[in-house]
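Chemist: My structure is below; once you've seen it, I'll send some questions.
Number of protein chains: 2
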Amino acid sequence: MENDFFHFELLAQDGEARAGIFHTPHGDIPTPVFAPVGTQATVKAVTPAQLEETGATLVLANTYHLYLRPGADLVEEMGGLHQFMRWNGPILTDSGGFQVFSLAEMRKIDEEGVTFKSHIDGSMHRLTPEKAIAVQEKLGADIIMAFDECAPPYDLAYNQQAMQRTHNWAVRCQQARTRPDQALFGIVQGGIFPDLRRQSAEWIASQDFPGHAIGGLSVGETKQEMHAMIEVVNAILPREKPRYLMGVGAPDDLVNGVARGIDIFDCVLPTRLARHQSALTLNGRLNLMNAGFARDPQPIEPTCTCYTCRHFSRAYLRHLIVAKEMLAATLVSIHNIHMLEELMRTMRQAILEGRFHQFFEQFITNQERKS
Amino acid sequence: MENDFFHFELLAQDGEARAGIFHTPHGDIPTPVFAPVGTQATVKAVTPAQLEETGATLVLANTYHLYLRPGADLVEEMGGLHQFMRWNGPILTDSGGFQVFSLAEMRKIDEEGVTFKSHIDGSMHRLTPEKAIAVQEKLGADIIMAFDECAPPYDLAYNQQAMQRTHNWAVRCQQARTRPDQALFGIVQGGIFPDLRRQSAEWIASQDFPGHAIGGLSVGETKQEMHAMIEVVNAILPREKPRYLMGVGAPDDLVNGVARGIDIFDCVLPTRLARHQSALTLNGRLNLMNAGFARDPQPIEPTCTCYTCRHFSRAYLRHLIVAKEMLAATLVSIHNIHMLEELMRTMRQAILEGRFHQFFEQFITNQERKS
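These protein sequences, in sequence, are chains F and S.
Following the working numbering, the residues of the first sequence are numbered contiguously, the last one being 532.
Following the working numbering, the residues of the second sequence are numbered contiguously, the last one being 532.
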């Protein structure tokens, strides 16, 4: 895609893995990219300056949460999300759909939209494709998402219905949008059913979106099913547009996603794990609460170059956790995000140098050796 | 005082207010100075890098807390407090005395020391002057404190007794210490009784400590009583040694302390207020929860140069607080510490330029206008 505001530049392909640059109004996103999640207009426990230092370029914020609190009008009045949360790089907002289905109470879906009860104060709300776009236009992210329905992965009849609704809603989102400085991505659904995924990918690909997302994965299906669905969909989605696998962020999922042609990922995993004392490393997760770390002078990962690993021992991090100090969440979040960003940079470099296949083999072997 | 490790250089005096430099093994402390408190080897919610950016030079850590958790042996094994918490500037530890009397349960005081029950796990412990020094030597701060007893301010008989004990314990602390790279400060007690304070100051001043502290203030007495006690004590303490007013940090107390010849202050106030949504400004405190800030695009203090005020609106901070986001405590802590450090810098500059008196008059007038 190319217009005055957005341009996806494919620099190299190695197998199905791609390296590129997605140019946006708030700067360039080197792809493949992992976006940390700033649900309520903050990546939890981390300042924008600290986030920038991890190497993050793209941040996701949740429309559902911001619509409920502090409200899209307030964010717009404060100059939009970039100005409000002071992330000057690219931002992506989801459509609110997934959260309505996973967080809100008493939701009622009809062909027009979804009525739901706020998980914060029990107030009643209604989101439609048009409303989801209006809210996202007020928030002002660079990449915005079509309003979709994410169905339970194994229910065929329901997935057929939800997919159809997602397609209808995608058209309405395209018609509703007015801002040329936002890229609206269409979303492929279809559960774990190859036929549905194929049908959905073909239809979404035909709608002239500037980018495409794969929704409804990492929601309970097996890894094999996830991989199969990505392969089915990416065989159809046009190569010249960015592909976004929504809500996925475990290291092996990132590697497997890139190997199958995904360009963009997002997930709460690194920050959520950090708040539960779990540090990501290339050799698996460390539970920093473990008594074995009490006198361990090493950093989380000796080869890591993040602020946390350059300065603090596992012993200190464990002390902060045991003493219930907030700094623990900050320091481990910084490490976990940095670790995933570093993994993305490593993969990108391998693709650019035509040696992604070797990287992939080594990563998978290492994974299997551990399990 | 002067030795290979410590040297207090008095640069200027304006009325009773003094500006100087306290040279320590971990760097120079420009005085007057305010030390933020890192109770459990972390200034709550703030990284050392963020702390340095506020202009803080000296950090206090609490011996009582660190003795109980993670333990002084562990901190020593990890290279001492500077290495453990990665604050490379000067550190001061208190003696544990104040916390034993204010936090521990079932304390029992005798002439030898104090037996108490941990507030964390109910285990029994005993601190003596010798033990308090041994623990502080393991922690390894630059400035360490004599083990003292802080009595309720209005009980004359008890204060006489506690003062006598504090003096006896000060001698034992001096005898017990072994590290030349730590400056042991003696502590003046005596409640709100001028005669006791005078007696205590004279005795402590005679003991050849490299610095002196005033304990037992800001514990329930009136401001007038606090000021009177500082005046009585500082008329006696030798000019050539640094004077430390313990546990005091409200802006007007800092100004009144400096005006009466204090060089060093510490207090949990800026970080504790921050965690309770309260921002310090020169015009009083802002409760950032107030609905009136919901759409306020201004920073906490428009003239402030801290990271928080350079980037974030009151509207955003209020949103973080309402949404219970940890980042709120971090950002408001940064501002509050910076505000006090800036106040200290302003006073120091005024003293160096011989115009502290004008600064003081203006500050007090402003205070009275507000109240």
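No residue lacks a Cβ here, since even glycine has one placed at the ideal position from N, Cα and C.
(1) Would you give the residue range spanned by the beta strand (DSSP E) that residue 439 of chain S belongs to?
(2) Under the three-state reduction of DSSP, which class applies to residue 162 of chain F: helix, strand or coil?
(3) So, at 6 Å on beta carbons, what are the nonlocal neighbours of residue 324 of chain F in its own chain, with the 5 sequence-adjacent residues on each side left out?
(4) Taking just the CA atoms, how far does residue 434 of chain F sit from residue 466 of chain F?
(5) Which chain S residues sit within Cβ distance under 8 Å of residue 474 of chain F?
(6) Per DSSP, residue 189 of chain F forms a beta bridge with which residues?
(7) Out of S:495, S:268, S:302 and S:491, point me to the one whose CA is closest to residue 249 of chain S's CA.
(8) For a test of the three-state rule: what should DSSP assign to residue 218 of chain F, helix, strand or coil?
(9) Restricting to runs no shorter than 3 residues, where is the beta strand (DSSP E) found entirely within the stretch 447–515 of chain S?
(10) In chain S, which residues lie less than 7 Å from residue 213 of chain F when you measure between Cβ atoms?
(11) Following the continuous alpha helix (DSSP H) through residue 285 of chain S, name the residue where it begins and the one where it ends.
(12) Going by the CB atoms, is the gap between residue 198 of chain F and residue 427 of chain F shorter than 8 Å?
(13) How do the stretch 195–210 of chain S and the stretch 262–279 of chain S stand: do at least 3 beta-carbon pairs fall below 8 Å, yes or no?
(14) Looking at the unbroken beta strand (DSSP E) that takes in residue 268 of chain F, where does it start and where does it end?
(15) Suppose the cutoff is 8 Å on Cβ atoms and the five residues either side in sequence are ignored; what does the same chain contact list for residue 242 of chain S look like?
(16) Quick check: what's the CA-CA separation for residue 311 of chain F versus residue 259 of chain F?
(17) Cβ closer than 7 Å: which chain F residues qualify as neighbours of residue 201 of chain S?
(18) Below 8 Å on the Cβ atoms is my contact criterion, and I expect residue 334 of chain S with residue 345 of chain S to pass it. Report the Cβ-Cβ distance as a whole number of Å.
(19) Using the C-alpha atoms, what's the distance from residue 185 of chain S back to residue 215 of chain S?
(20) Given 7 Å as the limit, tell me if residue 252 of chain S has its C-beta closer than that to any heavy atom belonging to the ligand HEM.
(21) Since I believe residue 394 of chain F is in contact with residue 375 of chain F (beta carbons under 8 Å), could you give me their beta-carbon distance rounded to a whole number of angstroms?
(22) Can you pull the chain F neighbours of residue 533 of chain S, defined as C-beta to C-beta under 8 Å?
(23) Indicate whether at least one CB of chain F lies closer than 8 Å to the CB of residue 456 of chain S.
(24) Bridge partners of residue 174 of chain S, per DSSP?
(25) How would you call residue 163 of chain S, buried or exposed, if buried means at least 16 neighbouring beta carbons within 10 angstroms?
(26) Considering only residues of the same chain and omitting the five flanking positions on each side of residue 343 of chain F, which have a CB-CB separation below 6 Å?
(27) Between which two residues does the beta strand (DSSP E) harbouring residue 374 of chain S extend?
(28) According to DSSP, is residue 324 of chain F part of a helix, a strand, or is it coil?
(29) From residue 403 of chain S to residue 169 of chain S, what distance separates their C-alpha atoms?
(30) Per DSSP, residue 428 of chain S forms a beta bridge with which residues?
(31) Taking just the CA atoms, how far does residue 338 of chain S sit from residue 331 of chain S?
(32) Name, please, each residue of chain S whose Cβ falls closer than 8 Å to the Cβ of residue 468 of chain F.
Modeler: According to the structure shown:
(1) Your numbering for residue 439 of chain S matches position 278 in the second sequence. That run of the beta strand (DSSP E) goes 439–442.
(2) Counted from its first residue, the first sequence places residue 162 of chain F at position 1. Confidence in residue 162 of chain F is poor, its pLDDT being 44 and thus under 50, which makes the residue's placement unreliable; the coordinate value appears in the next sentence. Residue 162 of chain F: coil per DSSP, three-state reduction.
(3) Walking along the first sequence from the start, residue 324 of chain F turns up at place 163. Result list for residue 324 of chain F: 350, 351, 357 and 361, in chain order.
(4) Residue 466 of chain F sits at position 305 when you count from the first residue of the first sequence. Residue 434 of chain F sits at position 273 when you count from the first residue of the first sequence. Whole-angstrom Cα-Cα distance: 19 Å.
(5) By one-based count along the first sequence, residue 474 of chain F stands at place 313. Going along chain S in sequence order, the residues near residue 474 of chain F (Cβ under 8 Å) are 239 and 245.
(6) Position 28 of the first sequence, counting from 1, holds the residue named residue 189 of chain F. Paired residues: F:184.
(7) Taking the second sequence and counting its residues from 1, one reaches residue 249 of chain S at position 88. Nearest of S:495, S:268, S:302 and S:491 to residue 249 of chain S, Cα basis: S:302.
(8) Translated into positions along the first sequence, residue 218 of chain F becomes position 57. Three-state result, residue 218 of chain F: coil.
(9) none
(10) As a first step, residue 213 of chain F must be located in the first sequence, where it is residue number 52. Those within 7 Å of residue 213 of chain F in chain S number zero; the least Cβ separation is about 12 Å.
(11) For the purposes of this step, residue 285 of chain S is taken as the residue at position 124 of the second sequence. First-last for residue 285 of chain S: 285–288, but that is the beta strand (DSSP E), not the alpha helix (DSSP H).
(12) Within the first sequence, numbered from 1, the residue matching residue 427 of chain F stands at position 266. Within the first sequence, numbered from 1, the residue matching residue 198 of chain F stands at position 37. Cβ atoms of residue 427 of chain F and residue 198 of chain F: closer than 8 Å.
(13) Fewer than three beta-carbon pairs drawn from the stretch 195–210 of chain S and the stretch 262–279 of chain S are found closer than 8 Å, and the two stretches are therefore not classed as touching.
(14) Numbered from 1 along the first sequence, position 107 holds the residue referred to as residue 268 of chain F. Note, residue 268 of chain F: beta strand (DSSP E), 266–270.
(15) Mapped onto the second sequence, residue 242 of chain S falls at position 81. Answer for residue 242 of chain S: 202, 222, 227, 236, 248, 252, 254, 300, 301 and 302, listed in chain order.
(16) Numbered from 1 along the first sequence, position 150 holds the residue referred to as residue 311 of chain F. Numbered from 1 along the first sequence, position 98 holds the residue referred to as residue 259 of chain F. Going by the C-alpha atoms only, they are around 6 Å apart.
(17) As a working note, residue 201 of chain S is residue 40 in the second sequence. Residues of chain F passing the Cβ test: 484 and 486.
(18) Counting from one through the second sequence, the residue named residue 334 of chain S turns up at place 173. Counting from one through the second sequence, the residue named residue 345 of chain S turns up at place 184. Confirmed, Cβ separation roughly 6 Å.
(19) Numbered from its first residue, the second sequence carries residue 215 of chain S at position 54. Numbered from its first residue, the second sequence carries residue 185 of chain S at position 24. Near 20 Å, if we compare the C-alpha coordinates of residue 185 of chain S and residue 215 of chain S.
(20) The ligand HEM is absent from the structure shown, which contains no ligand whatsoever.
(21) Within the first sequence, numbered from 1, the residue matching residue 375 of chain F stands at position 214. Within the first sequence, numbered from 1, the residue matching residue 394 of chain F stands at position 233. About 5 Å separates the two Cβ atoms, so the contact holds.
(22) The question about residue 533 of chain S has no answer, for chain S in this structure spans 162 to 532.
(23) Locating residue 456 of chain S in the second sequence gives position 295, where the first residue counts as 1. Residue 456 of chain S counts as touching chain F.
(24) Numbered from its first residue, the second sequence carries residue 174 of chain S at position 13. Paired residues: S:179.
(25) If you number the second sequence from 1, residue 163 of chain S lands on position 2. In this prediction, residue 163 of chain S scores a pLDDT of 48, lower than 50, which makes its location untrustworthy; no coordinate-derived value is stated.
(26) As a position in the first sequence, residue 343 of chain F is number 182, starting the count at 1. Once the five neighbours on either side are set aside, the close Cβ partners of residue 343 of chain F are 305.
(27) What you label residue 374 of chain S is simply residue 213 of the second sequence in a count that begins at 1. Note, residue 374 of chain S: beta strand (DSSP E), 373–375.
(28) The count along the first sequence starts at 1 and reaches residue 324 of chain F at position 163. In the structure shown, residue 324 of chain F sits in a helix (DSSP, three-state: H, G or I).
(29) One-based indexing of the second sequence puts residue 403 of chain S at position 242. One-based indexing of the second sequence puts residue 169 of chain S at position 8. Those two C-alpha atoms are separated by around 7 Å.
(30) As a position in the second sequence, residue 428 of chain S is number 267, starting the count at 1. Checking the DSSP bridge columns, you'll see residue 428 of chain S partnered with S:197.
(31) Within the second sequence, the letter at position 170 stands for residue 331 of chain S. Within the second sequence, the letter at position 177 stands for residue 338 of chain S. Between residue 331 of chain S and residue 338 of chain S, the alpha-carbon positions lie close to 11 Å from each other.
(32) Within the first sequence, residue 468 of chain F is the residue found at index 307, counting from 1. Those are 208 and 210, listed as they occur along chain S.
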